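A.B. asks: Have a look at the structure that comes next, please.
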Amino acid sequence: MRRQFVNDPEDVVPEALEGFAAAWPRHVRWNREPSYVLRAEPASDKVAVLSGGGSGHEPLHVGFVGRGMLDAAVPGAVFASPTAMQIRAASLAADTGRGVLHVVKNYTGDVLNFRIAGELLSDEGVRSDIVLVDDDLATDTDDPDGPGRRGTAAVVAVEKVCGAAAERGADLSELVELGRRVVSGSRTLSVALAAGAHPGQSRPSFELPDDRIEFGVGIHGERARERRAFGPRRALVPDMAAPLLRDLDLGRGDRLAVIVNGLGATHDLELYGLFGEVKALLEDVGISVARSLVGSYVTSLDMAGCSVTLVRADDEFLDLWDAPVSTPALTW
Amino acid sequence: MRRQFVNDPEDVVPEALEGFAAAWPRHVRWNREPSYVLRAEPASDKVAVLSGGGSGHEPLHVGFVGRGMLDAAVPGAVFASPTAMQIRAASLAADTGRGVLHVVKNYTGDVLNFRIAGELLSDEGVRSDIVLVDDDLATDTDDPDGPGRRGTAAVVAVEKVCGAAAERGADLSELVELGRRVVSGSRTLSVALAAGAHPGQSRPSFELPDDRIEFGVGIHGERARERRAFGPRRALVPDMAAPLLRDLDLGRGDRLAVIVNGLGATHDLELYGLFGEVKALLEDVGISVARSLVGSYVTSLDMAGCSVTLVRADDEFLDLWDAPVSTPALTW
Amino acid sequence: MADQISPAHADLWVRGFAAAINDADDHLTDLDRRSGDGDFGTNMVTGLRRALAALPEHPDSPGAPFQALSDTFLSHSGGTSGPLFGMWFRDFAKAGHGTPALTLAGVAEAADRGWATVTRLGSAKVGDRTMVDAIAPAAESLGRSTAEGLSLEEGLRAAAEAAEAGAQGTSELLGRKGRTSYVGDAALGAPDPGAVAIGLFFRAAHASVTDGADGTR
Amino acid sequence: MADQISPAHADLWVRGFAAAINDADDHLTDLDRRSGDGDFGTNMVTGLRRALAALPEHPDSPGAPFQALSDTFLSHSGGTSGPLFGMWFRDFAKAGHGTPALTLAGVAEAADRGWATVTRLGSAKVGDRTMVDAIAPAAESLGRSTAEGLSLEEGLRAAAEAAEAGAQGTSELLGRKGRTSYVGDAALGAPDPGAVAIGLFFRAAHASVTDGADGTR
Ligand SMILES: Nc1ncnc2c1ncn2[C@@H]1O[C@H](COP(=O)(O)OP(=O)(O)O)[C@@H](O)[C@H]1O
Ligand SMILES: Nc1ncnc2c1ncn2[C@@H]1O[C@H](COP(=O)(O)OP(=O)(O)O)[C@@H](O)[C@H]1O
Ligand SMILES: [Mg+2]
Ligand SMILES: [Mg+2]
Ligand SMILES: [Mg+2]
Ligand SMILES: [Mg+2]
Chain A
1254 MRRQFVNDPE
1264 DVVPEALEGF
1274 AAAWPRHVRW
1284 NREPSYVLRA
1294 EPASDKVAVL
1304 SGGGSGHEPL
1314 HVGFVGRGML
1324 DAAVPGAVFA
1334 SPTAMQIRAA
1344 SLAADTGRGV
1354 LHVVKNYTGD
1364 VLNFRIAGEL
1374 LSDEGVRSDI
1384 VLVDDDLATD
1394 TDDPDGPGRR
1404 GTAAVVAVEK
1414 VCGAAAERGA
1424 DLSELVELGR
1434 RVVSGSRTLS
1444 VALAAGAHPG
1454 QSRPSFELPD
1464 DRIEFGVGIH
1474 GERARERRAF
1484 GPRRALVPDM
1494 AAPLLRDLDL
1504 GRGDRLAVIV
1514 NGLGATHDLE
1524 LYGLFGEVKA
1534 LLEDVGISVA
1544 RSLVGSYVTS
1554 LDMAGCSVTL
1564 VRADDEFLDL
1574 WDAPVSTPAL
1584 TW
Chain U
1254 MRRQFVNDPE
1264 DVVPEALEGF
1274 AAAWPRHVRW
1284 NREPSYVLRA
1294 EPASDKVAVL
1304 SGGGSGHEPL
1314 HVGFVGRGML
1324 DAAVPGAVFA
1334 SPTAMQIRAA
1344 SLAADTGRGV
1354 LHVVKNYTGD
1364 VLNFRIAGEL
1374 LSDEGVRSDI
1384 VLVDDDLATD
1394 TDDPDGPGRR
1404 GTAAVVAVEK
1414 VCGAAAERGA
1424 DLSELVELGR
1434 RVVSGSRTLS
1444 VALAAGAHPG
1454 QSRPSFELPD
1464 DRIEFGVGIH
1474 GERARERRAF
1484 GPRRALVPDM
1494 AAPLLRDLDL
1504 GRGDRLAVIV
1514 NGLGATHDLE
1524 LYGLFGEVKA
1534 LLEDVGISVA
1544 RSLVGSYVTS
1554 LDMAGCSVTL
1564 VRADDEFLDL
1574 WDAPVSTPAL
1584 TW
Chain W
426 MADQISPAHA
436 DLWVRGFAAA
446 INDADDHLTD
456 LDRRSGDGDF
466 GTNMVTGLRR
476 ALAALPEHPD
486 SPGAPFQALS
496 DTFLSHSGGT
506 SGPLFGMWFR
516 DFAKAGHGTP
526 ALTLAGVAEA
536 ADRGWATVTR
546 LGSAKVGDRT
556 MVDAIAPAAE
566 SLGRSTAEGL
576 SLEEGLRAAA
586 EAAEAGAQGT
596 SELLGRKGRT
606 SYVGDAALGA
616 PDPGAVAIGL
626 FFRAAHASVT
636 DGADGTR
Chain Z
426 MADQISPAHA
436 DLWVRGFAAA
446 INDADDHLTD
456 LDRRSGDGDF
466 GTNMVTGLRR
476 ALAALPEHPD
486 SPGAPFQALS
496 DTFLSHSGGT
506 SGPLFGMWFR
516 DFAKAGHGTP
526 ALTLAGVAEA
536 ADRGWATVTR
546 LGSAKVGDRT
556 MVDAIAPAAE
566 SLGRSTAEGL
576 SLEEGLRAAA
586 EAAEAGAQGT
596 SELLGRKGRT
606 SYVGDAALGA
616 PDPGAVAIGL
626 FFRAAHASVT
636 DGADGTR
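Chains A, U, W and Z, in that order, are what the protein sequence lines are.
Counting from 1254, one number per residue, gives the positions in the first sequence under our numbering.
Counting from 1254, one number per residue, gives the positions in the second sequence under our numbering.
Counting from 426, one number per residue, gives the positions in the third sequence under our numbering.
Counting from 426, one number per residue, gives the positions in the fourth sequence under our numbering.
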């Protein structure tokens, strides 16, 4: 049976946020009702960068609130979008008069609530715009009316880079353009060895036979379209990296930021091994790994799994990536 | 079945170290043979601070190499001490002429190999001394000939604080005194909901019935002396915190650093909730939580579990804790 | 019979709608179980219970009760329908703000705006098996009734009938938006719960001006 | 019969010890299975295989082969015995460095120092059922033999016999250090594997000066 350190399952998120804010008093403060997280020392005279989505992906997004990254994060219930009113309130609190950038992972509920929040804000004279992050190659279909690719770990790169640009004074339209450019150069594939379990639920959200992996899994416990054979890591890495390279049309001379991300219960020993192999594979075809992030940044509760994200990196991107950042989960 | 992203189990550690070094080229470099990790830019004219132990506890210790913390880390195989020659080589590489502080978690193999390394170094004219970290209250017995309390998460506080003091120019004997003082004011208790599994092994190192937790578990997959009933988190927190308070003889007016640590597969949502409750409990009895660290810093592979560490904090401790640090796993 | 919707009428309308949804809870949940994930009834009942608690004691405009409804739904309701209803109610709040009473033309304009809002946000067209299949005929009916100079009571009755007919019609539609698009023809034969709720919304409008003829309670 | 241990004798000693451990692999592992975790034989064999590969072609002092042995054990051998043996060999390396040959007195001093080292590091006393139970009698015997002016061959024979007797004696001891302390009287009746290995070490010493009488091979 899967078990967790929790009280009532419905209190998991507010209790965690209370502890989170208490653990990082110099970085963030938490507004309980409506629930959102702000920088402890709000910035002035810059476009506010805000993100949000369901909880259960920590450190995303609350862990990225701080100087050089997000001004506010809006957490929903586990795997459920925050409401439009939460987003509105957080945006009003973070706005310095120069508008609010909403970084949104592409899921129906999130998109709907962020769009509504945008309309509410516009009625109140506050400018906002959305960068929609849709990097998950596993959900790439040709249907133009379909929901499109899901948003996963590339959101960290978008938040980092837009956060840095906002800190330097970029205006809302520049940030939107920058964010969309990063998104268009980002693709992710995720794989699971075991599903996570919702707090208080004893069963993981799906069961996998011992010789199978969930290939192209999402970060909300949903199953993937495909199961593949379980094998050694070195057999998996090309299966994950090659489609990303192809879809981004990458080749000799290109530069990347690479995010190797744990989905919750995957150990650093595994993640670093994965990263080493991804890097070797890329360098073998003449692509340089200019920057990297290896760790559990976008989780799916206690899922055993990983994702590999490739992000095209030009000089501007690298410069913004390297800019100082000071948040609970990312500091340099 | 428990599965991981690995190739041959015996390659797990070197492959991970290779990837780790590739992911943090500005922070560290890895010497493959003998295996140790050094700062990318070695410090000059300061006492070198070095730690080491079995692997499987990442980010400990390699993740703490960098300015303000460790000069070198020496990783053994999974849950096995590094050899004396590894420690010696790393110490020689890190020594700037002012000696080497060895921060050692109390386990027979580690103690033996660090002691031997110290003798080897002394023969070569290099001064070294040991701070033995033995914070695990679960293994406190009265037997003076016994192995004593194990060393667990308090080691992070010792490395942080001694690292900062070394950076400020403290000499070896001052660091030893400081480290031992921190250790004597530190106690930890750990609890597991599910054991971790060695890379390549399908079974976790012990099985727990659904209504039981392993109370006082270690970080090497060994079982605890005691099993207790599984219950809501708010019932567990006093069971963990009260014995620590008692053993450290803490009371109204005392100040602490608190480390709430995940043992590998425990989610941030759980850890932050735990921290919030620990903090509330301490403040209820007039003890102030002056600093905190909440996250997975000292893991036991993919064990589902947590530890709570209390560390007495005086002004000097707080000042050193707050000093800048720049490592892969801890930066401020 | 009232010929305008006073603040008290609007209050009755909202309370009547809440009561109707409450009575239909199990039925709506069952419909959502056939075409989605079965949480529709509960989501609506929970949202409306909160909204009732937030209703102003003495609404100062016919927009005020709808504003409370909208705010609660946008603040607390999840799923797909929660925020869409929140925005739908919001257009009724806007229409009723700053005026002592809403005419039939005002209601027609609110419904038109609401239709546009729901379409803009959810991009469902008529025939996609969503609440839009009840909203569209009701809005069109209100427009016709206004043009033809019908009384408030007549116009709201026609709107309710149009919405209910539109909702019933969804029984024969294949879902193309939201969760119901995943279940294919398994949902055929039962109407879309969101559309049914829109029928109840206009039925409550009509009842508020007939039952509570003097706008008091 | 040689009266001093030349570099070539030392080389023979180390190789002879490795061969003896190799032959006793299963037996040693079995002993460790009874009193510990069953990895002793494998650990020793692996360590010695590496050490043989690292032995200098032409040792320039009798310390050189022991230095190679010590370095490999300290570099690669895990468990409790690996590093202890590494330090034990190291005292023989130190004794043999910078001298063309080791006398019996030199061997006695190395054993004394080694005993002190193992005790300092592992804090086992005689009677705790460890390698110390073979080391101590061998060291004492070497000291006596030196004082009594015995020949190298006689002194080493006596040391080997003392170590072997000490090892045999551990069969009756309850473990008080290391893993064997956890198994209680289940280990009684079989000797401690570490002590047995020390017996083989001194037996190889004796053989190196008798079999390879001229110090060549
Ligand atoms: N894109 C859309 N546009 C308008 N209405 C929609 C859309 N998608 C779903 N709906 C409405 O939402 C109702 C389901 O609501 P709800 O159960 O809250 O959603 P879910 O549980 O699928 O998130 C449907 O009956 C339908 O009327
Ligand atoms: N404290 C000690 N001092 C000296 N020798 C010891 C000590 N503890 C164990 N030993 C020796 O080590 C041998 C076991 O070695 P090994 O199998 O490598 O250790 P383990 O597997 O327990 O780590 C024992 O037979 C004993 O001779
Ligand atoms: Mg539903
Ligand atoms: Mg739903
Ligand atoms: Mg053993
Ligand atoms: Mg062993």
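Ideal placement from N, C-alpha and C gives every residue a C-beta, glycine not left out.
Treat the numbers as computed from the prediction; the structure is a model and nothing was measured.
For R417 of chain W, is the classification buried or exposed, using 16 other Cβ atoms within 10 angstroms of its Cβ as the cut-off for buried?
C.D. replies: Residue numbering for chain W in the displayed model covers 426 to 642; residue 417 of chain W lies beyond these limits and cannot be assessed.
A.B. asks: Do the region 528–535 of chain W and the region 493–504 of chain W make contact, defined as three or more Cβ pairs closer than 8 Å?
C.D. replies: no
A.B. asks: Over the uninterrupted beta strand (DSSP E) stretch that includes W1589 of chain U, give me the two end residues.
C.D. replies: Residue 1589 of chain U is absent from the model: chain U starts at 1254 and stops at 1585.
A.B. asks: Could you list the residues in the region 494–523 of chain W with a C-beta less than 8 Å from some C-beta on chain A, going in chain order?
C.D. replies: D496, L499, S500, H501, S502, G503, G504, T505, G507, P508, L509, G511, M512
A.B. asks: So which residues of chain W does T1361 of chain A contact, with C-beta pairs closer than 7 Å?
C.D. replies: T505
A.B. asks: Can you pull out the residues from the region 535–561 of chain Z whose beta carbon lies closer than 9 Å to at least one beta carbon of chain U?
C.D. replies: Going along the region 535–561 of chain Z in chain order, one finds T542, R545, L546, G547, S548 with a Cβ nearer than 9 Å to chain U.
A.B. asks: Please report the distance separating the alpha-carbon of D553 of chain Z from that of D1387 of chain U.
C.D. replies: Their backbone Cα atoms lie some 25 Å apart in a straight line.
A.B. asks: To the nearest angstrom, report how far apart I430 of chain W and A518 of chain W are at their CA atoms.
C.D. replies: 12 Å
A.B. asks: Using a C-beta to C-beta distance shorter than 8 Å, which residues of chain U count as neighbours of M1254 of chain A?
C.D. replies: D1463
A.B. asks: Would you list, in sequence order, the uninterrupted alpha helix (DSSP H) runs of no fewer than 4 residues that lie entirely inside the region 1413–1496 of chain A?
C.D. replies: If you keep only unbroken alpha helix (DSSP H) runs of at least 4 residues inside the region 1413–1496 of chain A, you get 1425–1437.
A.B. asks: P1328 of chain U bridges to which residues according to DSSP?
C.D. replies: U:G1306
A.B. asks: What do you reckon, are the CB atoms on I1586 of chain A and V1357 of chain A nearer than 8 Å?
C.D. replies: Outside the displayed span of chain A (1254 to 1585) sits residue 1586 of chain A, for which this structure offers no information.
A.B. asks: Within the present structure, is the beta-carbon of F465 of chain Z separated from the nearest heavy atom of ligand 5 by less than 7 Å?
C.D. replies: yes
A.B. asks: Cutting at 7 Å between CB atoms, please list the residues of its own chain near F442 of chain Z, excluding the five before and the five after it.
C.D. replies: L625, F626, A629
A.B. asks: Assign V1318 of chain U to one of three DSSP states: helix, strand, or coil.
C.D. replies: Residue state for V1318 of chain U is assigned as strand, using DSSP reduced to three classes.
A.B. asks: Under 8 Å between the Cβ atoms of L1428 of chain U and A1347 of chain U?
C.D. replies: The Cβ atoms of L1428 of chain U and A1347 of chain U do not sit closer than 8 Å to each other.
A.B. asks: Who are S681 of chain W's beta bridge partners in DSSP?
C.D. replies: This structure leaves residue 681 of chain W out entirely; chain W is present only between 426 and 642.
A.B. asks: What residue does the alpha helix (DSSP H) around R515 of chain Z start on, and which one ends it?
C.D. replies: 506–521
A.B. asks: Cα separation between G591 of chain W and P562 of chain W?
C.D. replies: 6 Å
A.B. asks: Determine the DSSP secondary structure at S495 of chain W, reduced to helix, strand or coil.
C.D. replies: helix
A.B. asks: I want to verify the contact list: residues of chain A whose CB lies under 9 Å from the CB of E1420 of chain U, in sequence order.
C.D. replies: Close to E1420 of chain U, with beta-carbon spacing below 9 Å, lies no residue of chain A; the smallest spacing is near 18 Å.
A.B. asks: Determine whether the beta carbon atoms of V1547 of chain U and V1578 of chain U lie at a separation below 8 Å.
C.D. replies: no
A.B. asks: Would you decide whether P1462 of chain U is buried or exposed? Buried here means 16 or more other CB atoms lie within 10 Å of its CB.
C.D. replies: It counts as exposed.
A.B. asks: Going by the C-beta, is D462 of chain W closer than 7 Å to any heavy atom of ligand 4?
C.D. replies: yes
A.B. asks: Straight-line CA distance for G640 of chain W to G1378 of chain A?
C.D. replies: A caution first: G640 of chain W carries a pLDDT of 49, below 50, which makes its placement in the model too unreliable to give a value.
A.B. asks: Give a yes or no on whether the C-beta atoms belonging to I1466 of chain U and V1551 of chain U are separated by under 8 Å.
C.D. replies: no
A.B. asks: Taking E1271 of chain U as the query, report the chain D residues whose CB atoms sit under 7 Å from its CB, ordered along the chain.
C.D. replies: Structure shown: chain D not included; protein chains present are A, U, W and Z.
A.B. asks: Run through DSSP, which three-state label would Y1360 of chain U get?
C.D. replies: coil
A.B. asks: For S1545 of chain A, does the three-state DSSP call read helix, strand or coil?
C.D. replies: strand
A.B. asks: Does the beta carbon of N1366 of chain A come closer than 8 Å to any beta carbon on chain W?
C.D. replies: yes
A.B. asks: Mind checking if H1473 of chain A is an interface residue toward chain U, Cβ cutoff 8 Å exclusive?
C.D. replies: no
A.B. asks: Starting from E1460 of chain U, find everything on chain A with Cβ-Cβ shorter than 9 Å and list it in chain order.
C.D. replies: Ordered by position in chain A, no residue passes the 9 Å Cβ test against E1460 of chain U, which lies about 11 Å from the chain.
A.B. asks: Which residue wins for smallest C-alpha separation from P484 of chain Z, given the options Z:W513, Z:D457, Z:G523?
C.D. replies: Z:G523
A.B. asks: Could you check whether the Cβ of I1383 of chain A sits closer than 8 Å to any Cβ belonging to chain W?
C.D. replies: no
A.B. asks: Counting contacts by CB-CB distance shorter than 8 Å, is S1304 of chain A in contact with chain W?
C.D. replies: no
A.B. asks: List, in chain order, every chain A residue whose beta-carbon is nearer than 8 Å to that of C1559 of chain U.
C.D. replies: F1258
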